[in-house]
Structures are given as C-alpha cells and as structure tokens.
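Taking it in order: structure first as structure tokens, then the write-up.
In the working numbering, the protein residues as written are 289 to 709.
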C-alpha cells in the first residue's frame, strides 16, 4: 500500500511538471505590429500617433505602455520630454480607459482593454510633446525611441514615419537603430523630402526597441527663447532650485539672528562665573543638555552655599574589609528653601523626602531617579526665563526636523506636478 501511494505521488508530480508548460503556453500575448507616425512642427513640438496591434492567447485585462521621457543631459543634468496624452482609442475609435503616472524615466500608461480574450486588438495612443527637439550650438536633433524598451513581449514588426516642415526638404540626415537601450545596431531608414521612414528588418525580442535619430541644420526649426529653455531645464531638474530656496530661507535668519557683532566693539573678558547663573545652568548652556554631571554640580553648589554637608564614612564589610559611603546632611530647615530655584528645591526634596536630616547615598538608588526628569525641566525653564533660550533645545531639534521636511516637500511636490499630464 505504501509503495502504491509513493508511486502515485511521483506520477502525479511528473504529470504536473509535464503539463505546466502547456498550461502556461495557453496564456500569452505579443505585439504583431507597432506603427508610429510623428508630425514635427515648426516650433519644435510634435504630435505622435501610435497604432499597436496585439494578439492575446488567454484572458487579459490590458497592457502597460512605457514611454521614455527622461534622458541624461550634459554635465549630469536631466533632459525631460513634456508629454501630454490626448487620447487612447480602440480600433473602432472608442475611448479606452487608462491611467497615467510617472515611474522612473518613463511615462507609464496602464490601458484597460475589454474583451482581450483569445483575440486580436488594435489600439491607438495619441499624445503631444512640447520639447521634441534637442537644441545644440551648431545643429538641432530629433531623437525618438519609437517603441520604448519596456515591452516584456516580442514585437513582430515596428516602423516609424516622421514628418518635418517643408523648410526641411533636402536638409535632413537620418538613421535608425534597433536592439536594447543604447544599441548601435543599424535599422533600415530612408529619407524622402521631408519624411523619414524607419522599420525593423527582423522581429524584436522583449525589451528591444526601434529608435530614430534625425540631424536638423540650424534655421529649419524655430528655436525656443532663452527663458523657455531655462524653464524647461528647471522643470527637468527641479533640484537646482534648492540653493535658491535655501538662500531665501537662511539669509533672513542669518541677517536677524546669525550676524556677528560689528567690528570695533570691545568685548570685556569674564573672569568669574556668570552672575545669577548656577553651575547646572552653565553646564546646560555649554552643550544644550542637562547631563548627569550638571545635576551633580547642584549637590556641590548646595554644599558650598551651606544647605547641605557631604560626609564621608567608612563602612565595615565582612569584619575585615571597609568601603566608603557618603552621607548627605541637611543643614537648613525647609522654611529656608523658598529662596532656592525650583530645580534646587526639587533636588532637596529628592534628597530629603520627609523631615530626615541625613540620607545615605545607597538610599537614593531606588527613589532619586524620580527627581531627575523634573530637575531637567526646571533647569530648562529657568534658562528660558533668563532669556537664554527662546525654545528649549529638545523642542528646537524637533523644529529643525520639521523644517527639513517642509524644505524638502516643495521639491517632492514640484517633481510630481511638473511631470503629470
């Protein structure tokens, strides 16, 4: 029985492995034809009409069209195409539902295709590009990645027809490339008057594409103004606004708060601790933090001023060994504590919680920690009352973080809104 079960299990697994490729092959799709027509206008803008023929085997809900819009520019800058989708239609001219978003260097169109089950479909994608021409000092260039390189399936055939204004007749030079992004493999391309035709000679594999590159002499197209080119550059590289924004924020702060005193004003040296400042307050001012050593300085200061006495004692251990112990002795009654600062009163209450006149340091281990938080708060409050802080440092650190978020937010929003349709 056990042998039969084992054999049955192995046979079932073998059948599953043999049938899996068949089941998988029953659901696939490809692009049978990708045709693009581009009209380049005198002002350097362009209208694009893509006709994509699709073959579906199995059931699908739609496709993703990755349109490259970001390219590397000179000196590490970014060059962006400002693209606006004007329509997505089916073969009968009916509008198709689609979503558009910017993802990496691509404008991604998620196109919903009803009835995409064991059938062939043809869709039209129409969009305009405001800055289709790259402007150089001695020439202009129209470079167009016709299909993009984001398709996960093969393309049986792809072609592109690019029309230029009448002034371009006899002045253009064109070439085409196929393959993965950056490939220099040539594709057939011909030029007839003001029209460039390019097509693939062989099917394209997944993530391969067709590109067209056209050389245009100066004077054929109208060049955008310097201001327009500057605005396009800023839209493509919004990070360049960061120094300007930082200057606009930081200069007023420096002017009102951060400038050094005028030269020529003599500064008298101080040979004694600041007047009306306790050691704990001075220690807090040094590093904007009330550290344990600052709290300890309160003890020493209270002893110097005659409120407590610190006595050292020798405590016997195991009849032979001895260790040091410290005892805090209260020298003044509670009635005299009203002259103390709030953090000093909290210190005295922590040392002597009742009418005790003496406290061993060992007795403080399980109770004095409750006074540390209030002491720190009282020290900061005292410094704020004396005008040393407008905000306590902990709150100021929070505002700095908030300021960093507020500073970065405009660039995040600008990057989003400048690239939406």
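Think of the CB as a built atom: it goes at the ideal place given N, C-alpha and C, for glycine as much as any other residue.
Element boundaries [alpha helix (DSSP H), containing residue 662]: In the chain shown, counting from the first residue as 1, residue 662 sits at position 374. Segment 657 to 673, the alpha helix (DSSP H) holding residue 662.
With DSSP as the reference, label residue 394 as helix, strand or coil. Within the chain shown, numbered from 1, the residue matching residue 394 stands at position 106. Reduced to three states, the DSSP call for residue 394 is strand.
Under 8 Å: do the region 560 to 568 and the region 579 to 587 share three or more Cβ pairs, one atom per stretch? Counting Cβ pairs under 8 Å, three or more are found: they touch.
Give me the DSSP bridge partner(s) of residue 375. Numbered from 1 along the chain shown, position 87 holds the residue referred to as residue 375. For residue 375, which the question treats as bridged, DSSP gives the partners 414.
Compute the distance between the beta-carbons of residue 502 and residue 450, then report whether it is under 8 Å. As a working note, residue 502 is residue 214 in the chain shown. As a working note, residue 450 is residue 162 in the chain shown. Contact: yes.
Tell me where the alpha helix (DSSP H) around residue 571 begins and ends. Along the chain shown, one-based indexing puts residue 571 at 283. Start and end: 567 to 575.
Please state whether DSSP places residue 302 in a helix, a strand or coil. As a working note, residue 302 is residue 14 in the chain shown. Helix.
Mapping DSSP to helix, strand and coil, what is residue 628? Against the chain shown, residue 628 aligns to sequence position 340. When DSSP states are grouped into helix, strand and coil, residue 628 belongs to the coil group.
State yes or no: is the C-beta of residue 339 within less than 8 Å of the C-beta of residue 410? Here residue 339 is taken as the residue at index 51 of the chain shown, counted from 1. Here residue 410 is taken as the residue at index 122 of the chain shown, counted from 1. Their beta carbons are under 8 Å apart, which means residue 339 touches residue 410 by this criterion.
Count the C-beta pairs between the region 498 to 513 and the region 441 to 458 that are closer than 8 Å, then say yes if the count reaches three, no if not. yes
DSSP three-state assignment for residue 311, whether helix, strand or coil: Indexing the chain shown from 1 puts residue 311 at position 23. In this predicted model, residue 311 has a pLDDT of only 45, less than 50, meaning its place in the structure is not dependable; the value taken from the coordinates is given anyway. Correct three-state label for residue 311: helix.
Beta-carbon proximity list for residue 435, same chain, < 6 Å, skipping 5 on both sides: Along the chain shown, read from residue 1 onward, the residue named residue 435 stands at position 147. 322, 446, 497, 498, listed in sequence order.
Quick check on the DSSP output: what are the complete beta strand (DSSP E) runs of length 3 or more inside the region 440 to 493, in order along the chain? 446 to 451, 461 to 467, 473 to 475, 477 to 480, 483 to 487
Range covered by the alpha helix (DSSP H) that runs through residue 583: Residue 583 sits at position 295 when you count from the first residue of the chain shown. Looking at the DSSP string, the run of the alpha helix (DSSP H) that includes residue 583 is 580 to 592.
For a test of the three-state rule: what should DSSP assign to residue 408, helix, strand or coil? Counted from its first residue, the chain shown places residue 408 at position 120. Residue 408: strand per DSSP, three-state reduction.
According to DSSP, is residue 509 helix, strand or coil? Walking along the chain shown from the start, residue 509 turns up at place 221. Residue state, collapsed to three classes: coil.
Mapping DSSP to helix, strand and coil, what is residue 525? What you label residue 525 is simply residue 237 of the chain shown in a count that begins at 1. Residue 525: coil per DSSP, three-state reduction.
Which residue from 418, 632, 657, 379 puts its Cα closest to that of residue 668? Position 380 of the chain shown, counting from 1, holds the residue named residue 668. Considering only alpha carbons, the answer is 632.
Measuring only the C-alpha atoms, how far is residue 382 from residue 406? Here residue 382 is taken as the residue at index 94 of the chain shown, counted from 1. Here residue 406 is taken as the residue at index 118 of the chain shown, counted from 1. Those two C-alpha atoms are separated by around 20 Å.
Within this structure, are the beta carbons of residue 355 and residue 317 separated by less than 8 Å? Along the chain shown, one-based indexing puts residue 355 at 67. Along the chain shown, one-based indexing puts residue 317 at 29. In this structure, residue 317 does not lie closer than 8 Å to residue 355 by Cβ.
Would you kindly work out how many angstroms separate the C-alpha atoms of residue 360 and residue 483, rounded to a whole number? Reading the chain shown from its first residue, position 72 is the one you call residue 360. Reading the chain shown from its first residue, position 195 is the one you call residue 483. One C-alpha to the other measures close to 27 Å.
Under the rule that 16 or more other beta-carbon atoms within 10 Å means buried, what is residue 526, buried or exposed? In the chain shown, the residue the question calls residue 526 occupies position 238. Taking all protein chains shown into account, residue 526 has 16 or more neighbouring C-beta atoms within 10 Å of its C-beta and is therefore buried.
Grab me the residues of residue 660's own chain with a C-beta within less than 7 Å of its C-beta, minus the 5 sequence neighbours each way, in chain order. As a working note, residue 660 is residue 372 in the chain shown. Counting only Cβ-Cβ distances below 7 Å, and skipping sequence neighbours, we find 583.
For residue 437, the first and last residue of its enclosing beta strand (DSSP E): Taking the chain shown and counting its residues from 1, one reaches residue 437 at position 149. First-last for residue 437: undefined, no H or E at that position.
Contact set for residue 392: own chain, Cβ-Cβ below 8 Å, skip 5 residues either direction: Position 104 of the chain shown, counting from 1, holds the residue named residue 392. The residues are 358.
Hey, how far is the Cα of residue 311 from the Cα of residue 460? Taking the chain shown and counting its residues from 1, one reaches residue 311 at position 23. Taking the chain shown and counting its residues from 1, one reaches residue 460 at position 172. Residue confidence is low: residue 311 scores 45 on pLDDT, short of 50, so the model does not pin down where it sits. Its coordinate-derived value is still stated next. The C-alpha of residue 311 lies about 51 Å from the C-alpha of residue 460.
Taking buried to mean at least 16 other C-beta atoms within 10 Å of its own C-beta, is residue 533 buried or exposed? Position 245 of the chain shown, counted from the start, is the residue given in the question as residue 533. By the 10 Å Cβ count, residue 533 comes out exposed.
Please classify residue 537 as buried or exposed, where buried requires at least 16 neighbouring CB atoms within 10 angstroms. Position 249 of the chain shown, counting from 1, holds the residue named residue 537. Counting Cβ neighbours within 10 Å, residue 537 comes out exposed, since fewer than 16 surround it.
Give the DSSP-derived three-state secondary structure of residue 649 in the structure shown. The sequence position of residue 649 within the chain shown is 361, counting from 1. Three-state DSSP puts residue 649 in a helix.
Assign residue 326 to one of three DSSP states: helix, strand, or coil. As a working note, residue 326 is residue 38 in the chain shown. Looking at residue 326 - three-state DSSP - the assignment turns out to be strand.
Which residues mark the beginning and the end of the beta strand (DSSP E) in which residue 355 is found? As a first step, residue 355 is located in the chain shown; it is residue number 67 there, counting from the start. Note, residue 355: beta strand (DSSP E), 334 to 356.
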